[in-house]
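In what follows, a single structure is set out as structure tokens and then discussed.
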Amino acid sequence: MVKELALGIDIGGTNTVFGLVDKEGNIFFQNSFKTKDFLTPNDLAKAIFNKWLEIKLKLNKNEKLKGIGIGAPNGNYNTGCVEFAPNLKWKNKVHLTKIFENYFKLPTYLNNDANAATLGEMMFGAAKNLTDFIFITLGTGLGSGFVSNGKLIYGHDGFAGEFGHVLHIPNGRLCGCGRKGCLEAYVSANGIKLTAIELLKKNKKSILNDYKIQELTPKLIYQAAIKKDKTAIEVYNLTGEILGTKLADAVLITNPQAIILFGGISNAGSLLITPTKKAMEINLLPIFKNKTKIIKSKLLNKNAAVLGSASMIWEK
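Take 1 as the starting number for the sequence shown in the numbering used here and just add one per residue.
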């Protein structure tokens, strides 16, 4: 009996991670490259293909590669192109699926990294039995994927679901996208750090004042909150209030069964989820109250990006 495998590839600004994945979500032969070591996307594709040729020799005769799934910033599922992704340093629009298909001669699908992780959660994680949910990635930025009636929402040209760039405060903090006041500028690793800095100016008693501003990280803020530091706890309360208020708007539109939080910041658990849930419920219409769960991803200790990218093959 033939055992089908998918090659899942996660292309990030720093690292590109890839691995073979079976239909049960097991990852084999995982490897990685420094993305910046390759001047062009073609160079990167060629390196991954050459590594695949090495891996192929180690496979059993009944194991077969079915296709390639790629997650990348600004990856457009509809076109197969990475479009104007500044942290990848690739010029303008790159037809990435075509480049990989030229090497592998197999079906190749592309998605943005958050959508790819959403698909992974739906196939292998907490959303396995859900048809309507919102997936939020909380890391360096805030990514998201919206699933309705069991289908990921792409929009008319493939860029739907940019929840991190809904407006929180007009002319507020500068966001990495160049606009001011985006949600991501407040609810993300950098956003949490900036909130802590603002609060520390008012409260000199916090143990976070033992660190220089450039040393502050979400991990240190979390550790301080666990030690009952009032300023650190307030950082999570404010962050949760902001996130929950904006999620209430999203719930009104998509009416999800659950909201799933993924990424390093979500490891804070109830410190973040409790104020987020409270703010969301306060801002919901009565017909929506107490109907939407907020839960942590079940893929937090797995390579969700590789699983999600590979899941595009199984989705097909």
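Beta carbons are placed, not taken as given, at the ideal position from N, Cα and C, and that holds for glycine.
Item checked: the region 271-286 touching the region 150-161, judged by at least three CB pairs closer than 8 angstroms -> Because the criterion of three Cβ pairs below 8 angstroms is not met, the region 271-286 and the region 150-161 do not touch.
Margin query: To the nearest angstrom, how far is the alpha carbon of K151 from that of G120?
Written below: Here residue 151 corresponds to residue number 151 of the sequence shown, with the count starting at 1. Here residue 120 corresponds to residue number 120 of the sequence shown, with the count starting at 1. Cα-Cα distance, rounded: 13 angstroms.
Note to self: In this structure, how does DSSP classify A47 when only helix, strand and coil are distinguished?
What the structure shows: In the sequence shown, counting from the first residue as 1, residue 47 sits at position 47. Correct three-state label for A47: helix.
Next item on the list: Might you give, ordered along the chain, the residues of its own chain that have their beta carbon closer than 8 angstroms to the beta carbon of L285, omitting 5 neighbours on each side?
Entry: By 1-based counting over the sequence shown, the position of residue 285 is 285. Spatial neighbours of L285 in its own chain (CB-CB distance under 8 angstroms, excluding positions within 5 residues in sequence) are listed in chain order as L252.
Notebook entry, point to check: Could you give the uninterrupted runs of the beta strand (DSSP E) lying entirely in the region 25-104, keeping only those of 3 residues or more?
Noted result: Listed in chain order, they are 27-34, 63-71, 81-83, 93-95.
Next item on the list: Put N190 into one of helix, strand or coil per three-state DSSP.
Entry: Position 190 of the sequence shown, counted from the start, is the residue given in the question as residue 190. In the three-state DSSP reduction, N190 falls in the helix class (H, G or I).
Next item on the list: Determine the DSSP secondary structure at N15, reduced to helix, strand or coil.
Entry: Taking the first residue of the sequence shown as 1, we reach residue 15 at position 15. Here N15 sits in strand by DSSP.
Notebook entry, point to check: Who are the near neighbours of Y103 in its chain, counting only those whose CB is closer than 7 angstroms to its CB and skipping five residues on each side?
Noted result: In the sequence shown, the residue the question calls residue 103 occupies position 103. A45, K46, F49.
Next item on the list: Tell me, please, whether the region 174-181 touches the region 90-100 by the rule of three or more beta-carbon pairs shorter than 8 angstroms.
Entry: The region 174-181 is not in contact with the region 90-100.
Item checked: Status (buried if at least 16 other CB within 10 Å, exposed otherwise) for M1 -> By 1-based counting over the sequence shown, the position of residue 1 is 1. Exposed is the label assigned to M1, since fewer than 16 other Cβ atoms lie within 10 Å of its Cβ.
Margin query: Buried or exposed for S270, going by 16 or more other Cβ atoms inside 10 Å?
Written below: For this step, residue 270 is matched to residue 270 along the sequence shown. The residue in question, S270, is exposed, as its Cβ has fewer than 16 Cβ neighbours within 10 Å.
Item checked: Backbone secondary structure at G8 - three-state DSSP -> For the purposes of this step, residue 8 is taken as residue 8 along the sequence shown, with counting starting at 1. In the three-state scheme derived from DSSP, where H, G and I count as helix and E and B as strand, G8 is classed as strand.
Notebook entry, point to check: So which of T14, T137, L65 has the shortest CA-CA distance to S297?
Noted result: In the sequence shown, counting from the first residue as 1, residue 297 sits at position 297. When the alpha-carbon of S297 is set against those of T14, T137, L65, the nearest one is in T137.
Next item on the list: Throw me the rounded Cβ distance for the N209 and L200 pair, which I believe falls under 8 angstroms.
Entry: Here residue 209 is taken as the residue at index 209 of the sequence shown, counted from 1. Here residue 200 is taken as the residue at index 200 of the sequence shown, counted from 1. About 6 angstroms separates the two Cβ atoms, so the contact holds.
Next item on the list: Whole angstroms is fine: what's the gap from K58's alpha carbon to W52's?
Entry: Working through the sequence shown from its first residue, we reach residue 58 at position 58. Working through the sequence shown from its first residue, we reach residue 52 at position 52. Approximately 10 angstroms, taken between the alpha carbons.
Check: Rounded to a whole number of angstroms, what is the C-alpha to C-alpha distance between N203 and Y211?
Finding: Within the sequence shown, numbered from 1, the residue matching residue 203 stands at position 203. Within the sequence shown, numbered from 1, the residue matching residue 211 stands at position 211. N203 and Y211 have their C-alpha atoms spaced approximately 14 angstroms apart.
Check: Would the beta-carbon of I55 fall within 8 angstroms of that of L106?
Finding: Start at 1 with the first residue of the sequence shown, and residue 55 comes out as number 55. Start at 1 with the first residue of the sequence shown, and residue 106 comes out as number 106. Inclusion of I55 and L106 in the CB contact set at 8 angstroms is not warranted, their separation being larger than that value.
Check: Rounded to the nearest angstrom, how far is the Cβ of D132 from that of S148, given a contact under 8 angstroms?
Finding: Locating residue 132 in the sequence shown gives position 132, counting from the first residue. Locating residue 148 in the sequence shown gives position 148, counting from the first residue. Cβ atoms of D132 and S148 come within 8 angstroms of each other, at about 6 angstroms.
Notebook entry, point to check: If we ignore side chains and look at the alpha-carbon of each, how far apart do L216 and F146 end up?
Noted result: Taking the first residue of the sequence shown as 1, we reach residue 216 at position 216. Taking the first residue of the sequence shown as 1, we reach residue 146 at position 146. Cα to Cα, the separation comes out at about 32 angstroms.
Item checked: Paired residues, beta bridge with F133 - DSSP -> Stepping through the sequence shown from its first residue, residue 133 is reached at position 133. According to DSSP, F133 bridges with V147, A258.
Next item on the list: Thinking I27 and F135 are a contact (beta carbons under 8 angstroms), I'd like their distance in whole angstroms, please.
Entry: If you number the sequence shown from 1, residue 27 lands on position 27. If you number the sequence shown from 1, residue 135 lands on position 135. Not really, about 20 angstroms apart at Cβ, beyond 8 angstroms.
Next item on the list: Quick one: residues in its chain with C-beta nearer than 8 angstroms to the C-beta of I242, no 5 flanking neighbours on either side, listed in chain order?
Entry: The residue given as residue 242 occupies position 242 in the sequence shown. These residues qualify, in order along the chain: H168, L183, Y186, V187, A279.
Notebook entry, point to check: Would you say V235 and T195 are within 8 angstroms of each other, going by their C-beta atoms?
Noted result: Here the question's residue 235 lines up with position 235 in the sequence shown. Here the question's residue 195 lines up with position 195 in the sequence shown. Yes, the Cβ-Cβ distance between V235 and T195 is below 8 angstroms.
Notebook entry, point to check: Is it right to say I9 is buried, meaning 16 or more other beta carbons lie within 10 angstroms of its own, or is it exposed?
Noted result: In the sequence shown, counting from the first residue as 1, residue 9 sits at position 9. By the neighbour-count criterion, in which a residue is buried when 16 or more other Cβ atoms sit within 10 angstroms of its Cβ, I9 is buried.
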